[in-house]
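All remarks here apply to the structure that follows.
There are 6 protein chains.
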Amino acid sequence: MIDPRLIDELIVPFLREDIGFVDLTSTIMIDADATAAFDVNAREDIVISGVDVAVAVFRRCEPDCKTDVRVQDGDHVKAGAVLIRVTGKARGILTAERTALNILQHLSGVATLTAQYIKEIEGTGAQLVDTRKTTPGLRALEKHAVRCGGGRNHRLALDSGVLIKDNHIAVAGGLTAAIARAKSQVPTLTKVQVECDTLDQVREAVEAGADSLLLDNMEPDTMREAAAIVSGRILLEASGGITLETIRAKAESGVDLISTGKITQSAPAVDIGLDEVAD
Amino acid sequence: MIDPRLIDELIVPFLREDIGFVDLTSTIMIDADATAAFDVNAREDIVISGVDVAVAVFRRCEPDCKTDVRVQDGDHVKAGAVLIRVTGKARGILTAERTALNILQHLSGVATLTAQYIKEIEGTGAQLVDTRKTTPGLRALEKHAVRCGGGRNHRLALDSGVLIKDNHIAVAGGLTAAIARAKSQVPTLTKVQVECDTLDQVREAVEAGADSLLLDNMEPDTMREAAAIVSGRILLEASGGITLETIRAKAESGVDLISTGKITQSAPAVDIGLDEVAD
Amino acid sequence: MIDPRLIDELIVPFLREDIGFVDLTSTIMIDADATAAFDVNAREDIVISGVDVAVAVFRRCEPDCKTDVRVQDGDHVKAGAVLIRVTGKARGILTAERTALNILQHLSGVATLTAQYIKEIEGTGAQLVDTRKTTPGLRALEKHAVRCGGGRNHRLALDSGVLIKDNHIAVAGGLTAAIARAKSQVPTLTKVQVECDTLDQVREAVEAGADSLLLDNMEPDTMREAAAIVSGRILLEASGGITLETIRAKAESGVDLISTGKITQSAPAVDIGLDEVAD
Amino acid sequence: MIDPRLIDELIVPFLREDIGFVDLTSTIMIDADATAAFDVNAREDIVISGVDVAVAVFRRCEPDCKTDVRVQDGDHVKAGAVLIRVTGKARGILTAERTALNILQHLSGVATLTAQYIKEIEGTGAQLVDTRKTTPGLRALEKHAVRCGGGRNHRLALDSGVLIKDNHIAVAGGLTAAIARAKSQVPTLTKVQVECDTLDQVREAVEAGADSLLLDNMEPDTMREAAAIVSGRILLEASGGITLETIRAKAESGVDLISTGKITQSAPAVDIGLDEVAD
Amino acid sequence: MIDPRLIDELIVPFLREDIGFVDLTSTIMIDADATAAFDVNAREDIVISGVDVAVAVFRRCEPDCKTDVRVQDGDHVKAGAVLIRVTGKARGILTAERTALNILQHLSGVATLTAQYIKEIEGTGAQLVDTRKTTPGLRALEKHAVRCGGGRNHRLALDSGVLIKDNHIAVAGGLTAAIARAKSQVPTLTKVQVECDTLDQVREAVEAGADSLLLDNMEPDTMREAAAIVSGRILLEASGGITLETIRAKAESGVDLISTGKITQSAPAVDIGLDEVAD
Amino acid sequence: MIDPRLIDELIVPFLREDIGFVDLTSTIMIDADATAAFDVNAREDIVISGVDVAVAVFRRCEPDCKTDVRVQDGDHVKAGAVLIRVTGKARGILTAERTALNILQHLSGVATLTAQYIKEIEGTGAQLVDTRKTTPGLRALEKHAVRCGGGRNHRLALDSGVLIKDNHIAVAGGLTAAIARAKSQVPTLTKVQVECDTLDQVREAVEAGADSLLLDNMEPDTMREAAAIVSGRILLEASGGITLETIRAKAESGVDLISTGKITQSAPAVDIGLDEVAD
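Protein chains in written order, with the working numbering: chain A, 5 to 283; chain B, 5 to 283; chain C, 5 to 283; chain D, 5 to 283; chain E, 5 to 283; chain F, 5 to 283.
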């Protein structure tokens with residue numbers, strides 16, 4: 005779920021940012037024709053995301069390198085696992101190292117944290133979804149990482165979904181009118197979601213043809229009633245105050261989706277390193 | 005410590021990424037000439053970073069908006085503090101909201117975590133420095149955020165410093181030869197740092213004219229001896245295994261700098277929101 | 005329904021393409037400080053689209069010009085109507101002329117043709133929608149122009165909708181399985197549309213939870229049966245062989261949407277010119 | 005007559021525009037390693053233009069695909085003709101489909117309409133030329149398509165020709181002075197064309213050394229006299245009110261060139277499709 | 005003769021190149037609100053070129069600065085002359101300094117050297133023209149600088165002129181055939197120039213309708229004969245071996261144009277500095 | 005010392021600038037499948053710089069060409085030496101010719117002039133360094149060329165060094181305070197250089213921990229005293245009034261570095277040409 009051409013376009017400025025005019029150390033200290041093999045290793049148990057991006061970074065810095073990819077995005081691996089063996093001219097591979105690892109560590113961090121949340125809601129029928137709370141410049145990559153961790157994506161950008169909130173309802177003259185306005189104007193394959201605070205709003209929104217409801221910071225019991233009202237006709241999403249501790253109770257309320265920005269905004273980088281392979 | 009022109013250049017693709025072709029919700033649901041005032045609020049105690057970037061985002065989306073900035077980068081604020089009051093056309097301001105907040109939440113997260121580390125080493129004389137372990141595309145912004153939190157910057161990119169490691173020493177035929185090679189070729193205002201594993205290496209590196217030493221994963225006691233050898237002539241940096249728990253012991257060993265990628269790679273986003281100001 | 009920032013970004017390469025290094029004629033033949041007023045005139049009856057883009061082009065070429073906008077996008081105007089009066093330095097305004105007119109003529113051409121189709125289906129309850137058959141580089145502008153003409157937008161890009169076709173069904177092992185696969189993986193505010201050739205497929209697709217059906221080149225009578233089956237639960241779209249002659253019959257079959265690439269791909273430019281205003 | 009490197013540069017944003025973050029349908033519904041063969045087919049009689057661009061689009065989306073090109077730009081082909089057979093991974097080829105076809109349909113549309121105009125003036129000695137009335141972003145491609153249809157190009161951009169009009173003559177203090185001003189300042193391989201309304205102006209312009217004359221909306225009989233005055237010394241171009249009905253009379257007046265924006269601005273897309281090749 | 009919008013587009017990467025992430029010195033050493041006035045001074049006698057570009061650089065770095073421009077491009081000024089007084093925040097002005105001066109020093113260097121060549125050929129009737137031997141990235145600016153020095157421009161790029169050489173003649177089957185091929189295919193406002201080595205070629209080229217002739221490394225006496233043959237019908241250009249010593253003899257041979265790459269490729273930078281204005 | 009990826013990124017706009025929409029001459033006059041071999045020849049004695057860039061230009065214009073590189077950057081070659089033999093389709097190679105030569109001629113010009121300065125200071129122990137007085141857009145390439153000629157690089161950009169001048173000292177409240185301010189804020193691998201006018205300043209700066217001193221326009225005798233004061237502890241750089249005549253006296257004063265902008269700003273292009281290889 006990540007456009008291969010987009011990867012190629014994204015990594016050009018990433019590398020320029022890290023290299024500047026030239027990698028002084030590699031250029032000065034490493035002979036141009038010295039070759040070596042390096043392993044990209046997991047140094048803790050993680051869920052993998054970003055292998056294709058890392059490979060693209062190595063290939064851009066050492067076009068003739070051989071990349072032996074041993075895992076794929078979404079794999080759960082143990083500490084010590086080799087993700088990629090890169091063989092070729094050492095100079096280019098070392099220039100690529102930091103950028104490749106920065107991407108892998110961040111995306112696998114997102115995937116790993118997502119998987120932890122997913123584990124908490126196993127068996128509940130609820131799915132975990134992301135938000136637009138992503139790192140600027142990394143939207144596509146982080147949304148992909150969420151999927152690697154077992155989550156699903158909410159709208160990708162402001163042009164791929166409508167989310168009606170309180171102030172919109174006020175402007176439109178009521179919830180039903182707001183939904184009508186949105187549904188008559190959105191692109192025909194785009195859904196209209198409505199944020200609901202009360203069960204009355206839930207009833208009105210379903211009646212008015214909303215495609216999805218967002219229950220923000222609602223109590224599990226109220227959500228359970230909302231789920232009963234909706235009874236599977238449209239997607240019900242819970243958000244607000246989601247933590248590893250609170251998520252199961254929310255998930256058991258019968259909502260379809262639980263969303264949190266934490267999995268993209270607050271995922272710690274996981275430990276992945278590059279080590280030269282001894283001859 | 006952030007180029008104002010760079011801010012303007014960075015936010016263009018950030019906004020394009022979040023908007024896509026058009027902000028469907030704001031365009032459909034909000035009248036083009038409706039105006040409102042919004043407060044950007046801290047929802048927890050944080051160290052601020054990114055106010056200028058957020059302001060630039062709001063201005064790009066609503067060129068005529070008034071931005072009343074009430075804090076500045078580096079300020080420690082309490083939950084509830086208003087950072088910026090933005091007044092103008094609601095449509096553009098709401099289009100800007102998520103991108104502005106994503107940046108503020110991430111950069112202030114970096115600054116806040118940095119400040120926590122700094123607090124641990126208060127009084128030791130050691131400074132906290134960052135690394136090249138930054139989020140791709142955000143190098144300049146994150147390095148700025150580290151400074152907002154009280155930290156200092158290590159090299160900005162591969163072209164602004166040389167870091168000699170084991171394999172370079174092997175290729176050059178010894179530590180002294182490696183340092184000589186680097187010092188004769190680097191730009192004249194760029195320092196040469198050497199990673200040292202033993203005290204013998206420390207002695208040789210100082211003798212050979214290294215500008216700085218990196219002690220990676222060295223025990224505090226050994227670092228204390230290294231500091232005695234160097235005796236303030238050049239900067240001594242400790243890295244590896246730095247956590248909020250371990251940092252003070254490392255700092256008390258007499259090193260000048262302690263570096264960690266955690267402050268940029270693993271800083272959770274802080275809670276900052278946008279609220280409409282009631283009339 | 006067009007992002008103002010996107011307009012600014014699009015016109016930079018448009019102007020560079022038309023100017024090259026320099027507008028030789030204006031620079032050589034017109035004094036740098038000569039001022040004049042010019043009217044952008046409709047020379048036939050048209051539906052307007054692109055006024056904001058044209059204004060942005062004039063402003064970029066003559067930052068100090070005054071633009072008196074007398075119509076707005078979506079207006080139906082008669083031949084002779086003044087759309088914009090531009091007053092300022094003649095040199096910059098004339099450099100902008102061709103690019104501004106090329107955009108206005110094309111987008112208003114799309115809007116005008118769209119309105120002609122719309123007129124044919126008046127009273128039927130069906131809406132006209134566009135497709136991804138747009139001019140490369142102009143997707144956002146042309147989709148906007150369709151709306152100016154009274155049409156609606158289908159998905160904006162490949163990331164904002166799923167359209168299941170025959171070969172997908174074969175791969176997935178049946179229509180129901182294909183829909184299930186898509187619905188479990190799409191972003192949660194994105195709809196899944198299925199192309200149906202037979203009424204059996206229509207029944208199966210509705211049952212399986214498709215969000216919309218595409219009836220490609222289906223006879224009006226069959227479409228009428230399909231509409232009866234669906235009975236308003238999801239959007240029904242007809243496509244294929246749509247012309248000004250055939251569209252009404254299709255629209256009267258009870259479908260919700262009729263799509264055609266002609267309105268974006270084959271709309272002739274309308275006649276709009278720039279004339280100096282006599283003193 | 006189209007720079008191969010420019011093609012590669014143009015298609016990157018074209019594909020980004022159509023794909024967005026990811027081609028949801030192909031990624032979800034088609035296995036990553038499924039291969040297939042597809043034919044790009046003409047579905048009506050057309051003149052071909054854009055084959056190299058389409059091939060570049062397929063190659064960018066499926067770098068390993070085989071493209072068997074069976075026609076070349078400028079060929080007149082019958083409905084049913086196979087233009088290109090593309091064999092490779094189905095996912096990438098289908099992602100490329102719409103962008104490749106949009107370009108081919110538009111450029112071949114321009115070439116086909118150009119050829120229709122050319123046919124009308126066969127045997128007259130006049131050549132058909134284009135204008136700067138092109139689609140923003142597609143100048144180079146459309147000018148190429150005009151040549152595929154048998155036409156010739158007028159100036160490519162504002163920096164590759166001077167066109168003196170009435171208001172320039174007024175500013176310069178007369179036609180002769182205007183021409184002198186232009187000829188002394190243009191790059192030395194660039195021609196100066198003058199728009200003439202009367203035969204007196206024709207005489208004065210030729211005398212003053214104009215490189216070409218533009219007769220705008222002049223009657224055929226007057227043009228015939230102009231041709232007699234010029235008697236082949238410089239290029240004579242007729243423009244204004246050119247249609248398939250009026251063009252022959254204009255062409256028979258003895259002018260060298262007849263220009264119209266219709267061939268680039270108002271060419272309907274031709275019908276070209278992509279079909280999977282049955283095994 | 006330089007597109008103002010192009011200036012704005014060019015200086016963005018120029019400044020990014022010189023600043024990198026941040027101007028460390030100005031940011032650290034100068035208070036953000038300190039203001040000052042600076043003069044851009046000529047430190048030798050020069051011909052000015054690039055004032056608008058320098059002003060744009062200062063404005064981009066200090067948007068609120070006041071720029072009092074006291075000369076214009078093409079002016080011959082004495083050592084000590086103030087070109088621009090810039091008043092505003094010192095930090096931004098000093099960040100701009102080097103880039104602004106680098107441009108002014110280079111372009112004024114080109115203009116000054118051009119003027120020296122022009123002086124040598126005064127009264128001969130020949131004009132000095134540039135070539136495509138320009139600094140990559142600076143084509144438009146250097147061609148402008150040549151004009152500031154009194155020279156004229158040859159073709160701007162490969163798309164704005166045809167230059168037929170020996171090998172083209174061989175391929176086409178003779179000089180006349182080569183000219184015919186070119187003239188039938190070039191854009192209609194573009195000239196075809198032919199390189200001639202002999203007087204026979206000169207005769208044949210004029211007869212075949214060449215728009216201009218290039219006499220490369222021809223002796224003055226032979227050029228005189230060529231000029232007699234052509235007798236003013238088309239432009240005659242001499243190139244090769246042009247120096248300040250040889251140019252007058254070439255110019256007196258009766259050619260219209262003398263071209264040399266030296267004025268753009270080998271012009272030493274002139275001395276221009278920035279000095280703070282004492283209160 | 006030049007990032008290979010940066011070369012690829014730089015040459016794209018360089019070629020677009022020289023080609024525009026299309027290379028008219030090569031496209032019209034040379035058959036698409038004609039092949040030939042060409043030699044890039046030195047036409048005077050030069051120091052080579054830019055071979056990799058030239059090769060990249062040829063390869064971008066003729067992806068299938070064979071490039072036989074016979075020299076490497078930094079080589080001193082005699083007039084007549086073949087630098088590169090390029091074999092392939094003539095059309096693309098000739099399109100590349102001017103851009104490839106423009107780069108080679110300029111960079112080798114910089115390297116050759118640098119080598120002339122270097123020769124003057126042979127045996128003195130001083131090194132020649134460049135400045136930020138480079139051609140906008142060519143910083144990385146020119147800094148590389150200086151190294152090819154035997155010189156060294158000063159700071160690459162404003163973010164890779166601090167240079168404290170008079171006005172900074174005034175603001176900071178003295179030289180010692182200024183140095184302290186800078187050293188506490190610069191990135192830890194970046195040096196702080198101080199411009200000194202007097203020996204007292206030299207003493208204070210060394211004491212205060214400056215990493216390098218810049219002696220601007222100082223007399224050789226005074227510089228000799230400065231060198232004695234510094235006695236090798238930090239780098240001493242002389243600048244101002246450096247010419248081929250004056251440089252040796254400055255170098256013999258005991259400074260480590262002598263800097264001049266002339267080698268990058270005022271290096272005449274050297275004579276390098278492209279000749280077809282006879283069969």
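For every residue, glycine included, the Cβ atom is placed at its ideal position computed from N, Cα and C. Predicted model only: the values in this text are computed from it and were never measured.
Name the chain E residues whose beta carbon is nearer than 9 Å to that of Ile267 (chain F)? Those do not exist, as Ile267 (chain F) stays about 11 Å from chain E at its closest Cβ, beyond 9 Å.
By the criterion of Cβ-Cβ separation under 7 Å, what are the contact partners of Gln131 (chain D) in chain C? The premise fails here: Gln131 (chain D) is roughly 22 Å from chain C at the closest Cβ pair, so nothing lies under 7 Å.
Report yes or no: is there a C-beta of chain C within less than 7 Å of the C-beta of Asp225 (chain A)? no
In whole angstroms, what separates the C-alpha of Asp12 (chain E) from that of Val234 (chain E)? 43 Å
Please report the distance separating the alpha-carbon of Lys187 (chain A) from that of Arg185 (chain E). 60 Å
Under 7 Å from the C-beta of Met5 (chain C): neighbouring residues of chain B: Val26, Thr31
Listing by chain order, which chain A residues have their CB less than 8 Å from the CB of Arg1 (chain F)? Because residue 1 (chain F) is not part of the residues shown, which for chain F are 5 to 283, the question remains open.
Can you tell me whether Thr202 (chain E) is buried or exposed? The criterion is at least 16 other CB atoms within 10 Å of its CB, across all chains shown. exposed
Could you tell me whether the Cβ atoms of Thr268 (chain B) and Glu146 (chain B) are closer together than 7 Å? yes
Anything in chain B within Cβ reach of Gly213 (chain F), meaning under 7 Å, just list it in chain order. Going along chain B, no residue has its Cβ under 7 Å from Gly213 (chain F), so there is no contact; the nearest lies around 10 Å.
Beta carbon of Leu162 (chain A), beta carbon of Asp27 (chain B): below 7 Å? In contact: Leu162 (chain A) and Asp27 (chain B) (Cβ atoms closer than 7 Å).
Could you give the first and the last residue of the continuous beta strand (DSSP E) run that contains Phe42 (chain D)? 39-46
Member of D:Lys266, D:Ala209, D:Asp77, D:Thr128 whose CA lies at the smallest distance from the CA of Cys152 (chain D): D:Asp77
Who are the neighbours of Leu19 (chain E) on chain B, taking C-beta pairs under 7 Å? Per Cβ cutoff of 7 Å: Arg9.
Output the distance between the C-alpha atoms of Asp220 (chain C) and Gly213 (chain A), rounded to the nearest integer angstrom. Those two C-alpha atoms are separated by around 26 Å.
In terms of residue numbering, what span does the alpha helix (DSSP H) encompassing Val12 (chain D) cover? Note that residue 12 (chain D) is Asp in the sequence shown, not Val. Taken as a continuous stretch (DSSP letters only), the alpha helix (DSSP H) holding Asp12 (chain D) covers 8-23.
Considering only the beta carbon of each residue, do Ala119 (chain D) and Gly154 (chain D) sit closer than 7 Å? yes
Closest residue to Leu142 (chain E) among F:Phe18, F:Ala282, F:Ala273, F:Ala271 (Cα-Cα distance): F:Phe18
If I measure Cβ to Cβ from Ser112 (chain F) and keep anything under 7 Å in the same chain, skipping five residues before and after, which residues do I get? Ile50, Val51, Ile52, Ser53, Gly54, Val274, Ile276
Per DSSP, Leu240 (chain B) forms a beta bridge with which residues? B:Leu217.
Could you give the first and the last residue of the continuous alpha helix (DSSP H) run that contains Val61 (chain A)? 55-65
Taking the DSSP output, what are the residues bridged to Ile246 (chain A)? DSSP lists no partner for Ile246 (chain A).
List, in chain order, every chain E residue whose beta-carbon is nearer than 9 Å to that of Ile23 (chain C). Asp7, Arg9, Leu10
Please report the residue range of the alpha helix (DSSP H) in which Ser30 (chain A) lies. 28-33
Touching or not, the stretch 234-243 of chain D and the stretch 251-269 of chain D, by the rule of three or more beta carbon pairs under 8 Å? The stretch 234-243 of chain D is in contact with the stretch 251-269 of chain D.
Which class does Arg95 (chain E) belong to by DSSP, given the choice of helix, strand or coil? helix
On the premise that Leu193 (chain F) lies in contact with Thr194 (chain B), defined as a C-beta separation below 8 Å, what is that separation, rounded to the nearest angstrom? 7 Å
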